[in-house]
Structures are given as C-alpha cells and as structure tokens.
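**Student:** Here the protein sequences come in this chain order: V and S.
For the first sequence, position 21 (counting from the first letter as 1) is numbered 21 according to the numbering used here, and the numbering increases by one without interruption.
For the second sequence, position 83 (counting from the first letter as 1) is numbered 1083 according to the numbering used here, and the numbering increases by one without interruption.
Yeah, the Cβ is synthetic: ideal placement off N, Cα and C, and Gly gets one too.
Everything numeric in this text was worked out from a predicted model, so none of it was measured.
Mind looking over this structure? Questions follow.
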Amino acid sequence: NAGVTQTPKFRILKIGQSMTLQCTQDMNHNYMYWYRQDPGMGLKLIYYSVGAGITDKGEVPNGYNVSRSTTEDFPLRLELAAPSQTSVYFCASSMDRGRGTDTQYFGPGTRLTVL
Amino acid sequence: AQSVTQLDSHVSVSEGTPVLLRCNYSSSYSPSLFWYVQHPNKGLQLLLKYTSAATLVKGINGFEAEFKKSETSFHLTKPSAHMSDAAEYFCVVTPRMDSSYKLIFGSGTRLLVRP
C-alpha cells in the first residue's frame, strides 16, 4: 500500500512550456485534490474530484486543467507555464463521505520552478 | 465563510519543554478542525482532528488539542518537545456539513526545537 504517489519530484520549466503532474492513489478513495503551496503559506486548493469523470474548481484554478478517468489517477496539467506557477504541488485523497470529517492523505509533493 | 489564523509564524522551544501552537478559526457552520505536520521536503501528515466528539483530542506523537467554541480556538500542545518535532504545523478547518470537503489552511507555524 503506497498511499498517494506523485511524479516527478522536481521539475524546471521554461515560460510557455507545458507539463503534466501525475498523481496516483491505491486506497480506492473517491475524492482527490490538488493543492499548491507557495513559500511561507498554507496550501490552496486548485482542483478537486469527487469520483471518476467528475471534477471541479477550487480556490486557484486559473492556468491549470485536470481530468479523472479512473479512481486511482488524477493528473494536473499546466498548459502555458508562468513564473507565478512556481510552487510546490501536493496531491491528496480521501474517502470522504461528504461531511468534511475524513482525513486527507497527502503525497510527497512536486517542486516546480518556472523560469 | 471559513478562515484560520495561526497566531505565530515561528515558535522556538528547548527540548523537553512544553509546546503551544495557537490557532483561531472562523466558521459559519460547526467546523471540523485538523492539525497537520509537514517535515522538511515531505508531504503533510495528520496529527489529530476534531469532528464534534470529545473537545480534547489526542493525536500522534504525544500531541493534543482542545476545541474551545467560546474562544473559537484549537490550540495544539505537547508536554515535552523532542528534537524530531521540529517541523511546520498547519491548522486546518472545514465546515462540517453535507458536500463539504474543502480544507482551509492556516499559514503555518514553524516549530524550532533547541537542544
């Protein structure tokens, strides 16, 4: 049981490049989330998914896209990288029965730098 | 609207002395409250959570927190700090209601433990 895994661990992009951050969980969780963490700040929700085929925007979705074709995978796509997207990205999952009480399990993060 | 304020960005203690990390919250609904810990270059790990049962919540590694509705506080404590406790700590709130699963993070408190 690996929990939540993310790849890559580190990435440097040039302005305007695109990339996909991968996230996989093996806990059969329905809910998955993408967060970004800027220096000295808490995490902010980018997108979330309540199940395969269902996604929705979080607090800071601009510049990102997601898809959820399977229960296990929830990739995050950056289409035109900008310096403002330099951050650490965390994927998380939870069983969550819709009442905000379930624990979210986090991956180790992807550190992205856009130059 | 929900929000979380962590009152100290940095806390420094000596090994073996008590730890107090302060958190105040604002929530329109009965909240669930969490404390997460983040060690350097790692993902977040749940320390403890309050979900409307006992107001004094015990977590892992000797940490505990008390939910005080009258003070809108959820401070994290530990009787005796250990060097391995040095990390970033996040207080998190989510409104405990149907279809609510979005975490609102505080800005974090960095705990330094001196030998």
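Starting from S1055 (chain S) and walking both ways along the beta strand (DSSP E), at which residues does that stretch end?
**Tutor:** Before going further, note that residue 1055 (chain S) is Thr rather than Ser in the sequence given. From DSSP, T1055 (chain S) is part of no beta strand (DSSP E); its letter is neither H nor E.
**Student:** Starting from P1031 (chain S), trace the beta strand (DSSP E) in both directions and tell me its first and last residue.
**Tutor:** Unbroken beta strand (DSSP E) run through P1031 (chain S): 1031 to 1038.
**Student:** May I ask you to report which of helix, strand or coil DSSP gives V1019 (chain S)?
**Tutor:** Strand, per DSSP.
**Student:** What are the residues in the segment 24 to 46 of chain V lying within 9 Å of chain S by C-beta distance?
**Tutor:** So the close ones are Y31, Y33, Y35, Q37, G40, M41, G42, L43, K44, L45.
**Student:** Considering Cα atoms alone, identify which of V:T71, V:F10, V:M41, V:K44 is closest to T55 (chain V).
**Tutor:** It is V:T71.
**Student:** In the structure shown, what three-state DSSP assignment does S84 (chain V) receive?
**Tutor:** Helix.
**Student:** Determine the DSSP secondary structure at S1100 (chain S), reduced to helix, strand or coil.
**Tutor:** Because the pLDDT at S1100 (chain S) is just 49, under 50, the model does not fix this residue reliably, and the value given afterwards should be weighed accordingly. Coil.
**Student:** Contact criterion: CB-CB distance below 8 Å. Does K1102 (chain S) meet it with respect to chain V?
**Tutor:** Yes, K1102 (chain S) counts as interfacial toward chain V.
**Student:** Considering only the beta carbon of each residue, do S1026 (chain S) and S1009 (chain S) sit closer than 8 Å?
**Tutor:** No.
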